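Input: a single structure, listed below in structure tokens.
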Amino acid sequence: MTELATTYLGLDVSSPIVASSSPLTGTMDGLRALVDAGVGAVVLPSLFEEQIVHESRDLVTMLEETASFNPEASDGYFPELDDYNTGPDRYLDHLAEAVRELDVPVIASLNGVSIGGWLRYARQLADAGASAIECNVYRLAVDVDDQPWEVEDDLVNLVGEVAETVDVPVAVKLSPYFTALANLARRLEDAGAAGLVLFNRFYQPDIDVDTRAVVPSLVLSSPHEQLLPLRWTAVLHGRVGTSLAITTGVHDAEGVAKALLAGADVAMVASAVLRHGPSLVASMLDGLQTWMDEHDYDSVDQLRGSASQAAVSDPDAFVRANYLQTLTSWSTPIPA
Ligand SMILES: Cc1cc2nc3c(=O)[nH]c(=O)nc-3n(C[C@H](O)[C@H](O)[C@H](O)COP(=O)(O)O)c2cc1C
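Going by the numbering used here, the first residue of the sequence shown is number 3, and it counts up by one from there.
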């Protein structure tokens, strides 16, 4: 029998599929369904500092509005958003209930603004029983005076301070838009990060050409989007000692197998379970088990990293060599 149990952030997890932050992890019903289907851990929706400060419901309104004009959402699994991470007390209650009721690690997610806010709320999340804290770092360096090294230094210092403040593991959900990601990953590890979550999926605002208004756009991911975190996981595996998690584009058993082969400790799911429901996780785990049997893998730990950059016969395939080859491989006839 193949062994699906493994570890993530030093925590024991019964399977390598983790439910990432989404409206599904914002309700106890959603959480229970995900755990029943076999996720090894859950990440709650982020606690947003500015929401607490301004008691704003803007994010919820945005999510609700986008959910209603997203054609996938009407027959999908978007739960009611009334309870979606509003205010610290409700968040802390939800976290405490999840910790009490679920027999999997419950990871809280925090998106702070001020350093004081990051530290204060991180402490509250740890005190409420979170098994770990995921820092959802969402900063766009749009100021032309923002220096790249300052952006990185700020992030590294922040993670270092959060890690020093709490006695639970701290993961960092990173943006892919850093110039020297491998170096940053190592600096984050040195600062105390226990895990890197690749990657934060930014929602890009759209422009309505009739009204010329900027409109929010929330489109669920497609499997093709997994290739970006897949490459970076393969590159970072063995180069950093932190746990690695892939989030974005994991939609089926094959996506989970690829994540593990590249070197991820776990594969995270949001879009796929929002689209097809939490029970999808059970069929993903069945498919993973079958695939592992067919390829003679006894355990997730045994297969992890077998196709990382360090393990494959052509390590260059993950970097430049692949670029030219891919561009010149286009052979589809072009319509006149
Ligand atoms: C409706 C919705 C709400 C989300 N809320 C959060 C959040 O609160 N915090 C966070 O870090 N990520 C959030 N995410 C991002 C997901 O956790 C995940 O990283 C992203 O959707 C990519 O994974 P996927 O391809 O499996 O969807 C949200 C995603 C969706 C679709």
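From the three backbone atoms N, C-alpha and C, an ideal C-beta is built for every residue, glycine too.
Please read these numbers as outputs of a predicted model, since none were measured by experiment.
Complete beta strand (DSSP E) runs within the segment 100-165 (minimum length 3 residues, chain order): If we require 3 residues or more, the beta strand (DSSP E) runs fully inside the segment 100-165 come out as 108-113 and 134-138.
beta-carbon Lys175 near ligand 1 non-hydrogen atom, thresh 7 Å: Translated into positions along the sequence shown, residue 175 becomes position 173. Yes; taking the cut-off as 7 Å, the Cβ of Lys175 has a heavy atom of ligand 1 nearer than that.
Thr213 versus Gly12: straight-line alpha-carbon distance, rounded: Residue 213 sits at position 211 when you count from the first residue of the sequence shown. Residue 12 sits at position 10 when you count from the first residue of the sequence shown. For Thr213 and Gly12, the distance between alpha carbons rounds to 50 Å.
7 Å CB neighbourhood of Trp1 in its chain, flanking five on each side removed: Absent from the structure is residue 1, since the part of the chain shown begins at 3 and ends at 338.
Element boundaries [beta strand (DSSP E), containing Pro47]: Translated into the one-based positions of the sequence shown, residue 47 becomes position 45. Counting along the chain, the beta strand (DSSP E) containing Pro47 begins and ends at Ala43 to Phe50.
Cutoff 8 Å; reference Glu163; Cβ partners in own chain excluding five residues on either side: Position 161 of the sequence shown holds residue 163. Contacts found: Ile117, Trp120 and Leu121.
Contact test: Ser48 Cβ vs ligand 1 heavy atom, cutoff 7 Å: What you label residue 48 is simply residue 46 of the sequence shown in a count that begins at 1. Checking the Cβ of Ser48 against ligand 1 gives yes.
Candidates Gly251, Leu263 and His253, of which the one nearest His239 by Cα: In the sequence shown, the residue the question calls residue 239 occupies position 237. Among Gly251, Leu263 and His253, the Cα nearest to that of His239 is on Leu263.
Backbone CA spacing between Gln228 and Ile248 [nearest angstrom]: Start at 1 with the first residue of the sequence shown, and residue 228 comes out as number 226. Start at 1 with the first residue of the sequence shown, and residue 248 comes out as number 246. Going from the Cα of Gln228 to the Cα of Ile248 covers about 8 Å.
Pro207 burial status per 10 Å Cβ neighbour count (16 or more: buried): If you number the sequence shown from 1, residue 207 lands on position 205. Counting Cβ neighbours within 10 Å, Pro207 comes out exposed, since fewer than 16 surround it.
Between the CA atoms of Ala338 and Ser24 - distance to the nearest angstrom: Translated into positions along the sequence shown, residue 24 becomes position 22. Translated into positions along the sequence shown, residue 338 becomes position 336. The straight-line gap from Cα to Cα measures roughly 44 Å.
Ligand 1 heavy atom lying under 7 Å from the CB of Pro178: Here the question's residue 178 lines up with position 176 in the sequence shown. No, ligand 1 has no heavy atom inside 7 Å of this Cβ.
Beta strand (DSSP E) segment containing Met270, residue limits: To locate residue 270, count along the sequence shown from 1; it is residue 268. DSSP places Met270 inside the beta strand (DSSP E), whose first and last residues are Val268 to Val271.
Continuous beta strand (DSSP E) stretch holding Leu246: start and end: For the purposes of this step, residue 246 is taken as residue 244 along the sequence shown, with counting starting at 1. For Leu246, the enclosing beta strand (DSSP E) has its first and last residue at Ser245 to Ile248.
Rounded straight-line distance, which links the Cα of Val170 to that of Arg188: Locating residue 188 in the sequence shown gives position 186, where the first residue counts as 1. Locating residue 170 in the sequence shown gives position 168, where the first residue counts as 1. If you take the alpha carbons of Arg188 and Val170, they lie about 20 Å apart.
Any non-hydrogen atom of ligand 1 closer than 7 Å to Met270 Cβ: Your numbering for residue 270 matches position 268 in the sequence shown. The answer is yes for Met270.
Whole-angstrom distance between Thr244 and Asp147, CA atom to CA atom: Residue numbering aside, residue 147 sits at position 145 when the sequence shown is read from its first letter. Residue numbering aside, residue 244 sits at position 242 when the sequence shown is read from its first letter. Between the alpha carbons of Asp147 and Thr244 lies a distance of about 32 Å.
Three-state class that DSSP yields for Tyr205 in the structure shown: Reading the sequence shown from its first residue, position 203 is the one you call residue 205. Of the three classes helix, strand and coil, the one that applies to Tyr205 here is coil, per DSSP.
Selected residue, minimal CA-CA separation from Ala236, among Pro107, Ala312, Gly251 and Ser17: Numbered from its first residue, the sequence shown carries residue 236 at position 234. Its Cα nearest to that of Ala236, the residue Ala312 stands out among Pro107, Ala312, Gly251 and Ser17.
CB of Gly251 within 8 Å of CB of His278, strictly: Residue 251 sits at position 249 when you count from the first residue of the sequence shown. Residue 278 sits at position 276 when you count from the first residue of the sequence shown. No, the Cβ-Cβ distance between Gly251 and His278 is not below 8 Å.
Residues that DSSP places opposite Gly197 in a beta bridge: Working through the sequence shown from its first residue, we reach residue 197 at position 195. Beta-bridge annotation (DSSP): Gly197 is paired with Ala173 and Ser245.
Asp303 in three-state terms, based on DSSP: Working through the sequence shown from its first residue, we reach residue 303 at position 301. DSSP places Asp303 in helix when its eight states are reduced to three.
Backbone secondary structure at Val237 - three-state DSSP: Position 235 of the sequence shown, counting from 1, holds the residue named residue 237. In the structure shown, Val237 sits in a helix (DSSP, three-state: H, G or I).
Closer than 7 Å: Pro337 CB and nearest ligand 1 heavy atom: Mapped onto the sequence shown, residue 337 falls at position 335. Every heavy atom of ligand 1 is 7 Å or more from the Cβ of Pro337, so no.
CA-to-CA distance, His297 to Asn159, given in whole angstroms: By one-based count along the sequence shown, residue 159 stands at place 157. By one-based count along the sequence shown, residue 297 stands at place 295. Computed Cα separation, rounded: 43 Å.
Where the beta strand (DSSP E) through Leu13 begins and ends: Counting from one through the sequence shown, the residue named residue 13 turns up at place 11. Under the DSSP assignment, Leu13 falls in the beta strand (DSSP E) whose first and last residues are Leu13 to Val15.
Extent of the continuous beta strand (DSSP E) run through Val20: Stepping through the sequence shown from its first residue, residue 20 is reached at position 18. Looking at the DSSP string, the run of the beta strand (DSSP E) that includes Val20 is Ile19 to Ala21.
Own chain, CB closer than 6 Å to Gly40, minus 5 neighbours either side, in chain order: Stepping through the sequence shown from its first residue, residue 40 is reached at position 38. Here the set comprises Ser17, Val283, Ala284 and Leu287.
Burial state of Gln53, where buried means 16 or more other Cβ atoms lie within 10 Å: Here residue 53 refers to the residue found at position 51 of the sequence shown. In this structure Gln53 is buried. Its beta-carbon is surrounded by 16 or more other beta-carbon atoms within 10 angstroms.
DSSP-derived helix/strand/coil call for Ser24: Your numbering for residue 24 matches position 22 in the sequence shown. Three-state DSSP puts Ser24 in coil, outside helix and strand.
Coil, strand or helix - Val37 by DSSP: For this step, residue 37 is matched to residue 35 along the sequence shown. In this structure, Val37 counts as helix in the three-state DSSP scheme.
Sequence-distant residues of its chain with Cβ nearer than 6 Å to Lys175 (five each side left out): Here residue 175 corresponds to residue number 173 of the sequence shown, with the count starting at 1. Excluding sequence neighbours, Lys175 sits near Glu136, Asn138, Val199 and Asn202.
Contacting residues, own chain, Cβ-Cβ under 6 Å from Phe180 (five flanking each side not counted): Here residue 180 refers to the residue found at position 178 when the sequence shown is read from its first residue. For Phe180, where only same-chain residues beyond five positions count, the Cβ hits under 6 Å are Leu186.
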